[in-house]
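As given, the protein sequences belong to chains A, B and C, one line each in that order.
With positions in the first sequence counted from 1, the corresponding number in our numbering is that position plus 9.
With positions in the second sequence counted from 1, the corresponding number in our numbering is that position plus 36.
With positions in the third sequence counted from 1, the corresponding number in our numbering is that position plus 35.
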Amino acid sequence: MAPFIPQGLINPELTLFFALILGIGFGYILEQAGFSSARKLAGVFYGYDFVVLRVFFTAGITAMTGLMFLGYLGWVDLSLLYVNPTYLYSAIVGGVIMGFGFILGGYCPGTSFVGAVIGKVDAMVFIVGSLIGIFIFGHFYSTFEPVYTGNFLGHIHIYDSLGISKSWFAFMLVVVALIAFMLTQMIEDRVNNISTEAIATRPSYRLPTLLLIAAVFIFLFLPDERKSRMSEVSAEVLMEEVFGDAAYVSTQRVIHQIKNQHNNLILIDARSREEHEYFSLPGAVHVTADDVLNRGWRNLFRKDHRMKVFFSNGSSEATKAFMTARRAGYDNIFIMDGGLNKMFYELFVDIQDDKITSTNLQERSTARFLRDARIFFLEGGIAPRDLEERKVIQAPEQSEIIPVIGGC
Amino acid sequence: MDHSPKNYMNPYFAGFLLGLVLLSAFLITGRGLGASGAVKNVVVTAVASAAPEYAENSTFYADFFAGNNLMMSWLVFLVMGVIIGAFFSGAMANRLGFKIERGPNISARTRLLFALSGGLLFGLGAQFGRGCTSGAALSGMAVMSTGGILTMMAIFGTGYLIAYFFRRLWV
Amino acid sequence: MINQKLNYSAALFFAFIVLSVAFCQLTSRGFDASNAQVADMLSETELFSYADLHQAITASKKDKFLIVDLRERSLFNEKHLPGAINIPKQELLNKQHQKALKTGNTILLYAGQEHLAVAAQTLLFSQGYEAVRVIPGSFESIRMHILEGFNPAKAFYSSDKAQFEFPRFMSVQAIQPKEGSQENPLFPDAPESTPIPGGC
């Protein structure tokens, strides 16, 4: 799940490497689009070249739509992405000053590097200017600080501030962008006196435009994140299993495994940590119902092909864990019927040793089995050294999410 | 071999590719692109190294004295990549060459003066805005942040309002 | 030619989005809440204690609740909680019952055994219902502690509470994993935490 580095899927030491690579792409594209030319950049304000608007709007919309899509699939955790903070007056004051800087200088910091490296002296001078400007800010920082740090509204989203849904904002932004593209094209043609023949021979952008509109249009009808995945099991199947017999494993089966020190079942304690540490069945792993979906347990549920049996004191917590795990598509999941309460009741309370001499074979063998098990457990039949030889399932390490430090 | 500068890339296509780069940045690291922060890191590192007594008194330089190596940062490496990528593009498109680009009605000296002041203002403004057009506007649009979009509207809104008064610089 | 590149790649990108989304919607399993959401709701929702139930039945709060008996018809007809309707658990997701359930009141579930009501609660959560609570205990305990007179001592009874002092009976302890004996190392996972933003 993205973002990869904060989620620990890519080594954070590679961050600077990726910065370099992405920067190379960034710089290459900017220069290819003509952002190395101050005249082209300033053209957006004078109507003779709207390249800035075209590139920026398109890039913003592409990334925005891509993120919405991946968020819907559940492939990116949108809450981990860095969202520019809103310091109300500072944001506006900064924008106004930068507006002046853009008109006067014809560059912005990023494009000034693009221009400077291909030899534009005015871009190099611009960079020097920006160094001075930053120094001035630092020099008078104490004066600027109240505005700079004031009116902090948080890392808020524009759709929240406007009171609309995310998909509506995205849709309207795309519509505005497309209208802007059309209008600015007309303005640019008029300013530059482009002939009507030249306009007519231009290729059309109809196909990607239509598909783009379609893409943001469908998101109006979708939830932010999809409600189910293909790998999930249907409600009908879940119902059949949990209301029938298929989901359950008897306490005697579990007793049998413990007594004979077999390894066929993986016993999973679904109760709280305190209860688990106070007492649990030998070899039991601790996975509560809300921990089931934790990615660290995926290996346990997917790769280990033994039967996974959830238990709790009764069956309620185990059932919650079962439902969550089964719906996620994990196989071979069971509930220990009746839980520890039933197991102990059968073994130690409901003693039916008299049935050992019964004529019914079934009753006889069950009664004998339970008696042997009881003796086995009461006498500490499971010696510590035997336990060590069992395969031990280790809980996943709780590693921290690496926080995303953002910034311009 | 033809040495005349090649055509520029179709702006929509460039925007689309740039959007993919921006998307990748978010997917890999959780943050977007930016540029002004790198310049700030350079200033902070340079000033604090050269004049530590001056810098120690200012909160602005606190980050440096906290022991962080500001030059080994995401933004600085991003801008280094920008320089490499832009150079590569310029070389491939035969656009390399020293030049002072200016509008037809001003002198080179005027242009350079305005470039300096424009840079100064942009450097100052980018601090207040916590980003420039790449950081605030572009990345802000991708995650739909209020601050980013506000700054973006302020930049372009102001630009349009004052463009007329500075038209001699460009047209 | 350049425009062709734009047309094709951008078209591909957005077409891929449209098609994937359509595909996801078509193959969706008819759930109205994601598995993670349901898991959250399960951990946040508490059992509807006998104390609450007693209050709900005796006080005029009856109108705020819809009590659902999940057992089979014959058992329901024998004896059930006052005001309860009968939806045998296998029929829980049938259309005719969905209408009865959508009254807007909090749904209180009970069954022959507590965990069956819990399973039903999970299913209802996954269908988009939000106010669903489980009445703890088997029907036997409900009968004993509510129907035959409210027993305050059992106000917070649940089948899922330990009924024994387990260690007294079984002298086995949970195994402590030995250092270095990780035969099945699992990949670390990242728990939820808020990222710390920086600035420029």
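Heads up, the beta-carbon is just placed ideally off N, CA and C, and yes, glycines get one too.
None of the values given here were measured: they were computed from a predicted structure.
{"Check": "Taking B:GLU137 as the query, report the chain A residues whose CB atoms sit under 7 Å from its CB, ordered along the chain.", "Outcome": "SER46, ALA47, ARG48, LYS129, ASP131"}
{"Check": "Which word fits A:ILE30, buried or exposed, when buried means at least 16 other C-beta atoms lie within 10 angstroms of its C-beta?", "Outcome": "buried"}
{"Check": "Beta carbon of A:VAL123, beta carbon of A:GLY34: below 8 Å?", "Outcome": "no"}
{"Check": "Could you check whether the Cβ of C:ARG168 sits closer than 8 Å to any Cβ belonging to chain A?", "Outcome": "no"}
{"Check": "Count Cβ pairs between the segment 226-242 of chain A and the segment 292-302 of chain A that sit closer than 8 Å; are there 3 or more?", "Outcome": "no"}
{"Check": "Given a threshold of 16 other Cβ atoms within 10 Å of its Cβ, counted over all protein chains shown, does C:LYS130 qualify as buried or as exposed?", "Outcome": "exposed"}
{"Check": "Note down, in chain order, each residue of its chain lying with its Cβ closer than 8 Å to the Cβ of B:PHE96, except the 5 sequence neighbours on either side.", "Outcome": "VAL80"}
{"Check": "Going by C-alpha to C-alpha distance, which of A:VAL156, A:ILE136, A:TYR91 sits closest to A:HIS164?", "Outcome": "A:TYR91"}
{"Check": "What are the boundary residues of the alpha helix (DSSP H) that C:THR141 is part of?", "Outcome": "Run containing C:THR141: none in the alpha helix (DSSP H); it sits in the beta strand (DSSP E), 141-145."}
{"Check": "Please list, in chain order, the residues of the segment 305-324 of chain A that have any C-beta partner in chain C closer than 8 Å.", "Outcome": "GLY305, TRP306, ARG307, ASN308, LEU309, ASP313, SER321, ASN322, GLY323, SER324"}
{"Check": "State buried or exposed for A:GLU197, treating a residue as buried only when at least 16 other CB atoms are found within 10 Å of its CB.", "Outcome": "buried"}
{"Check": "Run down chain A in chain order and give the residues with a C-beta less than 7 Å from the C-beta of B:MET116.", "Outcome": "LEU29, GLY32"}
{"Check": "Taking only runs of the beta strand (DSSP E) that begin and end inside the segment 233-289 of chain A, which ones reach a length of at least 3 residues, in chain order?", "Outcome": "274-278"}
{"Check": "Among B:VAL118, B:ARG138, B:GLY193, B:LEU111, which one has its Cα closest to the Cα of B:THR65?", "Outcome": "B:LEU111"}
{"Check": "Using a C-beta cutoff of 8 Å, does B:PRO47 count as contacting chain A?", "Outcome": "yes"}
{"Check": "Given a cut-off of 8 Å on the beta-carbon distance, is the pair C:LYS99 and C:ASN70 in contact?", "Outcome": "no"}
{"Check": "For a test of the three-state rule: what should DSSP assign to A:LYS364, helix, strand or coil?", "Outcome": "helix"}
{"Check": "Assign B:TYR44 to buried or exposed, taking buried as 16 or more other Cβ atoms, counted over all protein chains shown, within 10 Å of its Cβ.", "Outcome": "buried"}
{"Check": "Using the three-state DSSP reduction, which class does C:ILE102 fall into: helix, strand or coil?", "Outcome": "strand"}
{"Check": "When we look at the beta-carbon of C:ASN42 and count the other beta-carbons within 10 Å, is it buried (16 or more) or exposed?", "Outcome": "buried"}
{"Check": "Would you mind giving the Cβ-Cβ distance between B:LEU63 and A:GLY104, rounded to the nearest angstrom? I have them listed as a contact below 8 Å.", "Outcome": "That pair is no contact at about 28 Å."}
{"Check": "Taking 7 Å as the line, does the beta carbon of B:SER143 fall inside it for any heavy atom of the ligand SAM?", "Outcome": "The model depicted lacks the ligand SAM and carries no ligand whatsoever."}
{"Check": "Do the segment 207-227 of chain A and the segment 112-132 of chain C meet, that is, are 3 or more Cβ pairs less than 8 Å apart?", "Outcome": "no"}
{"Check": "Beta-carbon of A:ASN93 versus every beta-carbon of chain B: anything under 8 Å?", "Outcome": "yes"}
{"Check": "At a CB-CB cut-off below 7 Å, which residues of chain B make contact with C:ALA45?", "Outcome": "PHE52"}
{"Check": "Are the beta-carbon atoms of A:GLY115 and B:LEU160 separated by less than 8 Å?", "Outcome": "no"}
{"Check": "Let me make sure I understand the geometry here. Which of A:SER170, A:ASP58, A:VAL258 has the alpha-carbon closest to that of A:MET316?", "Outcome": "A:VAL258"}
{"Check": "Closest Cβ-Cβ distance between B:MET107 and chain A: below 8 Å?", "Outcome": "no"}
{"Check": "Here's the rule I'm using: 16 or more other beta-carbon atoms within 10 Å means buried, otherwise exposed. How should A:MET191 be labelled?", "Outcome": "exposed"}
{"Check": "By the three-class DSSP mapping on this structure, what secondary structure does C:GLU214 have?", "Outcome": "Unreliable positioning characterises C:GLU214 in this predicted model, as indicated by a pLDDT of 35, which lies under 50. A coordinate reading is not provided."}
{"Check": "C:GLY65 touches chain A at which residues, Cβ-Cβ below 8 Å?", "Outcome": "SER237, SER243, ALA244"}
{"Check": "Closer than 8 Å by beta-carbon distance: list the chain A residues that pair up with C:GLU81, in chain order.", "Outcome": "Near C:GLU81 there are no residues of chain A at all, since even the closest Cβ is about 12 Å away, more than 8 Å."}
{"Check": "Sorted by chain position, which residues of the same chain lie with C-beta nearer than 7 Å to A:ILE70's C-beta, five sequence neighbours on each side aside?", "Outcome": "LEU182, VAL183, ALA186"}
{"Check": "Three-state secondary structure (DSSP) at A:MET316?", "Outcome": "strand"}
{"Check": "Got a sec? Which residues, its chain only, sit under 7 Å from C:TYR192 by beta carbon, not counting five neighbours each side?", "Outcome": "TYR85, PRO171, GLY172, SER176, HIS180"}
{"Check": "Can you tell me where the alpha helix (DSSP H) with A:ILE342 in it begins and where it stops?", "Outcome": "Per DSSP, A:ILE342 belongs to no alpha helix (DSSP H); it is in the beta strand (DSSP E), 342-345."}
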